[in-house]
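Counting from 2, one number per residue, gives the positions in the sequence shown under my numbering.
First comes the structure, then the notes that go with it.
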Amino acid sequence: MWAMIATWRMALEGVQDAELILKNGGTASDAIETAIQAVEDFPYFKSVGYGGLPNRKMEVELDAAYMDGQTLGFGAVCGIQDIANPISVARRLSRLKANNVLVGQGARDYAIAQGFETKDMLTDRAQIHYHNRQKQLGLDDNLVPYSGHDTVGMVALDQAGLMVAGTSTSGLFMKEPGRVGDSPFIGSGLYVDAQIGGASGTGMGEDIMKGILSYEIVRLMKAGKSAQEACQTAVFDFERDMANRGTSVGDISMIALAADGSWGVASNIDNFSFVVALPDQGSQVYVTRRQGDTMIHELASQAWLDNYMAERTKPLERL
Numbered sequence: 002m003w004a005m006i007a008t009w010r011m012a013l014e015g016v017q018d019a020e021l022i023l024k025n026g027g028t029a030s031d032a033i034e035t036a037i038q039a040v041e042d043f044p045y046f047k048s049v050g051y052g053g054l055p056n057r058k059m060e061v062e063l064d065a066a067y068m069d070g071q072t073l074g075f076g077a078v079c080g081i082q083d084i085a086n087p088i089s090v091a092r093r094l095s096r097l098k099a100n101n102v103l104v105g106q107g108a109r110d111y112a113i114a115q116g117f118e119t120k121d122m123l124t125d126r127a128q129i130h131y132h133n134r135q136k137q138l139g140l141d142d143n144l145v146p147y148s149g150h151d152t153v154g155m156v157a158l159d160q161a162g163l164m165v166a167g168t169s170t171s172g173l174f175m176k177e178p179g180r181v182g183d184s185p186f187i188g189s190g191l192y193v194d195a196q197i198g199g200a201s202g203t204g205m206g207e208d209i210m211k212g213i214l215s216y217e218i219v220r221l222m223k224a225g226k227s228a229q230e231a232c233q234t235a236v237f238d239f240e241r242d243m244a245n246r247g248t249s250v251g252d253i254s255m256i257a258l259a260a261d262g263s264w265g266v267a268s269n270i271d272n273f274s275f276v277v278a279l280p281d282q283g284s285q286v287y288v289t290r291r292q293g294d295t296m297i298h299e300l301a302s303q304a305w306l307d308n309y310m311a312e313r314t315k316p317l318e319r320l
């Protein structure tokens, strides 16, 4: 048995690459790194890696994390700049006894010393997004700079029973320099225990961290809930708890994969997309919607898939 789940349609091509690894007896470690690298390398996905949207100073600061479900080894980089594949640096850090989480210039220095590829991660397309957003902000006082926070998060299970989770993101568009969300934090952006399962999330990181939602989902699975039940309980109970405290939460979408290969997803937004790969179906894109405290998952139509890519690759003009 092998399986994989990932946030957003943007993960599809990477998961398809990882599927070949898993079906041929490869490791979940290689599958996760390969899949996330593919997303990091594609310039039209504007919330991850190359082409990721910049911070307020028009700098691309990237966060990534990797966790091994067997050893609980964990590695992460936060606010790293001009490194092509932050997920690979995070994986390397997960093997160390100490210094598992590096930030900013220290993370970049380590990556360069270890021979990881350097690259100017700010694309012309991202600069157009930045300048257009600045102009829109000047014209409309109701607009907020923080939009676009689609972390790619994944969990994989290989035929040997190893489970791995990984995340990568450029974070909130026009964030304050140095801002770090949930993605590189163990328990919030991701968590995996090969004896139970793993989870990852995307959305407003400041809110996901308040609920430590990835760990909470794994805890609920350990307590006997299915992956789907655990996701729904974690997300919607947290949403209610925050409402009872007099505040609301932003976008939150969580994915989970159990050690037996079953999976679950919950989201407080409509049309959250995700990718699932299984031996009997290959890699498929789903779109989900909320109905009360239950999620309704449907396979994405070809029209939906075509529109998704058309929207992300269409030409941009500077306003």
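Yeah, the Cβ is synthetic: ideal placement off N, Cα and C, and Gly gets one too.
No experiment lies behind these values; they were computed from the predicted model shown.
Between the CA atoms of W9 and H130 - distance to the nearest angstrom: 20 Å
Suppose the cutoff is 6 Å on Cβ atoms and the five residues either side in sequence are ignored; what does the same chain contact list for P178 look like? N56 and K58
As assigned by DSSP and simplified to three states, the class of Q38: helix
Could you compute how far the alpha carbon of L97 sits from the alpha carbon of A39? 25 Å
Let me check understanding here. Comparing Cα to Cα, which of Q233, L13, Q128 and F75 lies closest to G293? Q233
Going by CA-CA distance only, name the one from G80, G199, V90 and K211 that's closest to I253. K211
So, are the CB atoms of A257 and G265 less than 9 Å apart? yes
Among residues of its own chain, excluding the 5 on either side of S201, which ones have a beta-carbon nearer than 7 Å to its beta-carbon? T8, G154, M155, V156, A166, T168, G190, L191, S215 and I256
Nearest residue (CA-CA) to T152, options Q282, I197 and S171: S171
Taking the runs of the beta strand (DSSP E) that are 3 residues or longer, which of them lie wholly in the segment 286-316? 295-300
Can you tell which of Q282, D281 and D271 has the C-alpha that lies nearest to the C-alpha of V288? D271
Measure the alpha-carbon distance for Q137 versus M175 and round it to whole angstroms. 13 Å
Straight-line Cα distance separating S48 from Y111: 24 Å
Per the DSSP calculation, F275 is bridged to which residue(s)? T8 and Y287
With 16 as the cutoff for other CB atoms within 10 Å, does M310 come out buried or exposed? exposed
With C-beta atoms as the reference, is L103 less than 9 Å away from C79? yes
Which residue's Cα is closest to the Cα of A108: S89, L123, D238 and D125? S89
With A166 as the anchor, note down where its beta strand (DSSP E) starts and where it stops. M164 to T170
Given a cut-off of 9 Å on the beta-carbon distance, is the pair S284 and Q17 in contact? yes
Beta-carbon separation (whole angstroms), G199 vs M2, contact threshold 8 Å: About 15 Å; that fails the 8 Å criterion.
Taking the continuous beta strand (DSSP E) assigned at F75, which residues delimit it? F75 to I81
Drop a sphere of 10 angstroms on the beta-carbon of P280, count the other beta-carbons inside from all chains shown, and report buried for 16 or more, exposed for fewer. exposed
For A32, which residues from the same chain have a beta carbon less than 6 Å from its beta carbon, with the 5 sequence-adjacent residues on both sides left out? A19, I22, L23 and A157
Could you give the residue range of the alpha helix (DSSP H) that holds Y51? Y51 -> no alpha helix (DSSP H), and no H or E assigned at all.
Can you list, in chain order, the residues of its chain whose CB lies under 8 Å from that of T160, leaving out five sequence neighbours each side? The residue you asked about is not Thr; residue 160 is Gln in the sequence shown. Hits under 8 Å: M2, W3, L23 and G26.
Could you check the C-alpha separation between F44 and M11 for me, to the nearest Å? Strictly speaking, residue 44 in this sequence is Pro, with Phe absent from that position. Cα to Cα, P44 sits roughly 11 Å from M11.
Whole angstroms is fine: what's the gap from Q135's alpha carbon to Q128's? 11 Å
For a quick check, are the C-beta atoms of N101 and G50 less than 9 Å apart? no
DSSP three-state call for G116: helix, strand or coil? coil
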